[in-house]
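Chemist: Residue numbers (my numbering): 35 to 403. All C-beta atoms in this analysis are idealised placements derived from N, C-alpha and C, irrespective of residue type, glycine included. Keep in mind that this is a model prediction, so the values were computed, not measured. Pasting in a structure now, in structure tokens, and then I'll have a few things to ask.
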């Protein structure tokens, strides 16, 4: 029996999560189909995804009419709509969650992006979302801003599973791991069962290439142009090396011995932006045991159709990846400037998408009234 590329990817230790969710996808059975036919074992959402879901189709019309009749304001309506979708999706994935003992079957929902610089506000909303969705296989997405780090620790400390998002730099990733371990220590002190707390650290890939390649093109030398399309994969590979190092340390070992789970690296932003590149680049070049790859449907289908999975493509490439970052510095690309810019842009883009979501719901509520 021929093994599909997505099945081979799963067998290589990569959990495939879909980077998309809509009520139509849940109700039509398409989400269940992707579990059965494409080896999908989780879902991630973000403000852009929800804005797109509400902008098309009429799957939300009935709930919007009910919310309007109840006098709900736009913030309440968005909270109700998005948590309902995540709860329903979590139920679709419950069998995967149970079968994997909580390892997969996860559905992520993000705190409002306007809270990215508000530690206390993020903690409060994370707890509210967790309570509202009320499913053990939910994950609350918190951006890895400087202000988000303390919120990550507090949320993990409260026994809540967290998807840390918008990670671009290795230094910030190191801080994210520290925040996770601190949260586990708080949870342990509070008497929580550490085995029930899961976390992923979402390291963005294609956006790194997009920004760095733009700078390399502007530099224009042969040495600079030869580095195009290499930074994103190299950065992610070094992130995996850091993951291996940090979770082999004494601090992590003590928590793991007490039942804690490793915070798995998650490859995000895996849709290829440059049409000249292979459309499965950020899948096939980032295969390693114990990672998550969250894919837009287009990337998922490309992987299923023609992805070539040849086992681990990460751990033997650490030296080469380090050489790429060194070479970028030597031609004049400022890695710290790039990653800080991308973090700020990521927050800003989600704020814009959230505003579009609020506007569309506001218009729909007014029309319903």
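Can you list, in chain order, the residues of its chain whose CB lies under 7 Å from that of residue 268, leaving out five sequence neighbours each side?
Modeler: Once the five neighbours on either side are set aside, the close Cβ partners of residue 268 are 355, 358, 359.
Chemist: Identify, in the order they occur along the chain, each residue of the same chain with its Cβ nearer than 8 Å to the Cβ of residue 148, setting aside the five sequence neighbours on each side.
Modeler: 385, 388, listed in sequence order.
Chemist: Am I right that residue 236 and residue 300 are in contact with their C-beta atoms under 8 Å? What's the rounded C-beta distance?
Modeler: At roughly 4 Å, the Cβ-Cβ gap stays under 8 Å, so residue 236 and residue 300 are in contact.
Chemist: Let's test the definition: count the other Cβ atoms within 10 Å of the Cβ of residue 211 and tell me whether it reaches 16, buried, or not, exposed.
Modeler: Under this definition residue 211 is a buried residue.
Chemist: Hey, out of 303, 209, 320, 157, whose CA is closest to residue 244's CA?
Modeler: For the residues 303, 209, 320, 157, the minimum Cα distance to residue 244 belongs to 303.
Chemist: Would DSSP call residue 175 helix, strand or coil?
Modeler: Looking at residue 175 - three-state DSSP - the assignment turns out to be strand.
Chemist: Can you find the residues in the same chain that come closer than 6 Å, C-beta to C-beta, to residue 313, ignoring five residues on each side of it along the sequence?
Modeler: Once the five neighbours on either side are set aside, the close Cβ partners of residue 313 are 306, 336.
Chemist: Curious, which full-length beta strand (DSSP E) runs of at least 3 residues does the stretch 177-208 contain?
Modeler: Complete beta strand (DSSP E) runs here, min 3: 196-201.
Chemist: Locate the beta strand (DSSP E) running through residue 325, then write down its first and last residues.
Modeler: Looking at the DSSP string, the run of the beta strand (DSSP E) that includes residue 325 is 325-329.
Chemist: Taking only three categories from DSSP, how would you classify residue 236?
Modeler: Three-state DSSP puts residue 236 in a strand.
Chemist: Determine which residues share a DSSP beta bridge with residue 51 and list them.
Modeler: DSSP, once it has assigned bridges, lists 76, 328 as partnering residue 51.
Chemist: Taking only the alpha-carbon atoms, compute the straight-line gap between residue 260 and residue 275 and give it to the nearest angstrom.
Modeler: Cα to Cα, the separation comes out at about 24 Å.
Chemist: Quick check on DSSP: helix, strand or coil for residue 299?
Modeler: It is a strand residue.
Chemist: By Cβ distance below 6 Å, which residues in the same chain neighbour residue 271 in space, the five residues on each side in sequence not counted?
Modeler: Once the five neighbours on either side are set aside, the close Cβ partners of residue 271 are 348, 351, 355.
Chemist: Measuring alpha carbon to alpha carbon, tell me which of 112, 92, 344 ends up nearest residue 101.
Modeler: Comparing Cα-Cα distances from residue 101 to each of 112, 92, 344, the minimum goes to 112.
Chemist: What do you reckon, are the CB atoms on residue 328 and residue 116 nearer than 9 Å?
Modeler: Cβ atoms of residue 328 and residue 116: not closer than 9 Å.
Chemist: If I follow the unbroken beta strand (DSSP E) through residue 2, where does it start and stop?
Modeler: Residue 2 lies beyond the stretch modelled for the chain, which goes from 35 to 403, so this question has no answer here.
Chemist: Which two residues bound the contiguous alpha helix (DSSP H) that contains residue 60?
Modeler: It spans 57-61 - the alpha helix (DSSP H) in which residue 60 sits, taken as one unbroken run.
Chemist: Looking only at its chain, what residues have a beta carbon closer than 8 Å to the beta carbon of residue 344, apart from the 5 residues adjacent to it on each side?
Modeler: These residues qualify, in order along the chain: 318, 321.
Chemist: Locate the beta strand (DSSP E) running through residue 229, then write down its first and last residues.
Modeler: Premise fails: residue 229 is in no beta strand (DSSP E) and is neither H nor E.
Chemist: Where do the N-terminal and C-terminal ends of the beta strand (DSSP E) with residue 144 fall, by residue?
Modeler: Looking at the DSSP string, the run of the beta strand (DSSP E) that includes residue 144 is 140-144.
Chemist: Is it a yes or a no for the stretch 48-66 touching the stretch 78-87, going by three-plus beta-carbon pairs under 8 Å?
Modeler: The stretch 48-66 vs the stretch 78-87: in contact.
Chemist: Starting from residue 42 and walking both ways along the alpha helix (DSSP H), at which residues does that stretch end?
Modeler: From DSSP, the alpha helix (DSSP H) with residue 42 extends over 39-45.
Chemist: Can you check whether the CB of residue 84 is closer than 9 Å to the CB of residue 391?
Modeler: Yes; because the gap between Cβ atoms is below 9 Å, this pair is in contact.
Chemist: Under the rule that 16 or more other beta-carbon atoms within 10 Å means buried, what is residue 297, buried or exposed?
Modeler: When all chains shown are included, residue 297 counts as buried.
Chemist: Since residue 255 and residue 365 should fall inside the 8 Å C-beta cutoff, what is the C-beta to C-beta distance between them, to a whole number of angstroms?
Modeler: That pair is a contact at about 7 Å.
Chemist: What separation, rounded to the nearest whole angstrom, lies between the Cα atoms of residue 134 and residue 265?
Modeler: Each residue's alpha carbon lies about 33 Å from the other.
Chemist: Helix, strand or coil, according to DSSP, for residue 263 in the structure here?
Modeler: Coil.
Chemist: Return the CA-CA distance between residue 154 and residue 185, expressed in angstroms with no decimal places.
Modeler: Computed Cα separation, rounded: 7 Å.
Chemist: What do you reckon, are the CB atoms on residue 214 and residue 187 nearer than 9 Å?
Modeler: Going by C-beta atoms, residue 214 is nearer than 9 Å to residue 187.
Chemist: For the structure I just gave you, are there three or more beta carbon pairs, one from the stretch 95-109 and one from the stretch 159-178, closer than 8 Å?
Modeler: No: the two stretches stay apart, fewer than three of their Cβ pairs being nearer than 8 Å.
Chemist: Give a yes or no on whether the C-beta atoms belonging to residue 127 and residue 174 are separated by under 9 Å.
Modeler: No, the Cβ-Cβ distance between residue 127 and residue 174 is not below 9 Å.
Chemist: Return the residue from the list 62, 49, 394, 218 that minimises the CA-CA distance to residue 73.
Modeler: It is 49 whose Cα lies nearest to the Cα of residue 73.
Chemist: Nearest to residue 93 by alpha carbon, out of 367, 62, 109?
Modeler: Selected option, being the one with the closest Cα: 62.
Chemist: On the three-state DSSP scale, how would you describe residue 343?
Modeler: Residue 343 falls in the coil class under three-state DSSP.
Chemist: Using CA coordinates, which residue listed in 143, 129, 109, 136 is at the minimum distance from residue 121?
Modeler: Taking only the C-alpha atoms, the option nearest residue 121 is 143.
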